[in-house]
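Numbering (the numbering used here), first residue to last: 2 to 140.
Ideal placement from N, C-alpha and C gives every residue a C-beta, glycine not left out.
Owing to the predicted nature of the structure, the values given are computational and were not obtained by experimental measurement.
Step one of this worksheet: look at the structure below.
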Amino acid sequence: MHFIGRVDDVFKSLDYRISPFEVESEIIEHPAVLEVGVIPTVDEKDRIVPKAFIVLKPDFHPSRQMALEIFRFIRDHIAPYKRPRSLEFMEEFPKTISAKIMRKDLRAYDESLKKEDKRGQLEFFEIDFARELNLRRRK
């Protein structure tokens with residue numbers, strides 16, 4: 002038996018069960034990524050999809066180019082149904098006293114953006130890079 006994360010963090014996306022821990026374990030392998038937290042979010046078609054919040058290592062800086070590089074890495078390392086459709090850079094994560102990422106705070110922040118129909122200041126969507134990633138329009 003293998004423990005891969007908290008059961009209550011698992012979410013369903015496009016009929017697949019997704020463990021944030023599994024997705025985070027892949028993204029953290031990118032050389033620029035210091036920390037990552039994955040939550041469910043709602044896309045423009047009201048589907049639940051993964052979103053990654055990323056803290057970069059000190060020598061790296063949030064930018065459109067860095068987001069593209071990470072999306073390319075994600076496409077090379079993560080199964081299509083598990084891939085985050087958006088990512089947002091943060092300076093640091095909200096954490097518990099025991100230094101665990103407070104996903105509920107990330108979800109609350111994301112929900113507040115959705116309610117106001119806003120995008121995070123350092124948020125990028127996979128579709129922003131349709132040409133660079135050779136994306137086809139999904140129905």
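Helix, strand or coil for residue i per DSSP?
i: E36; result: strand
i: L123; result: coil
i: L57; result: strand
i: S1; result: Examination of residue 1 is not possible in this model, given that the chain is present from 2 through 140 alone.
i: R132; result: coil
i: D111; result: helix
i: D118; result: coil
i: I71; result: helix
i: H31; result: coil
i: R137; result: coil
Measuring alpha carbon to alpha carbon, tell me which residue in the options is nearest residue i.
i: Y82; options: D10, V11, R18; result: R18
i: F126; options: F22, S99, P85; result: P85
i: K115; options: K52, L134, P63, E27; result: K52
i: I40; options: R120, S99, L107, I79; result: L107
i: I75; options: P95, K105, F61, V34; result: V34
i: F12; options: E92, L134, T42; result: T42
i: N1; options: E92, E89, S99, R73; result: Lying before the first or after the last residue shown, residue 1 is absent from the chain, which here runs from 2 to 140.
i: E133; options: Q66, E27, D16, I49; result: Q66
Under the DSSP definition of a beta bridge, which residues are partnered with residue i?
i: R18; result: K13
i: S87; result: K52, F126
i: V43; result: I49
i: K96; result: I102
If we ignore side chains and look at the alpha-carbon of each, how far apart do residue i and residue j end up?
i: R137; j: S20; result: 26 angstroms
i: D44; j: H31; result: 24 angstroms
i: E124; j: S87; result: 7 angstroms
i: D47; j: S14; result: 11 angstroms
i: T97; j: M103; result: 6 angstroms
i: A68; j: D111; result: 18 angstroms
i: F54; j: G38; result: 5 angstroms
i: V24; j: I79; result: 7 angstroms
i: M91; j: L57; result: 8 angstroms
i: P95; j: R120; result: 19 angstroms
Taking Cβ positions only, does residue i come closer than 8 angstroms to chain B?
i: S64; result: Here chain B cannot be found, since the structure has a single protein chain.
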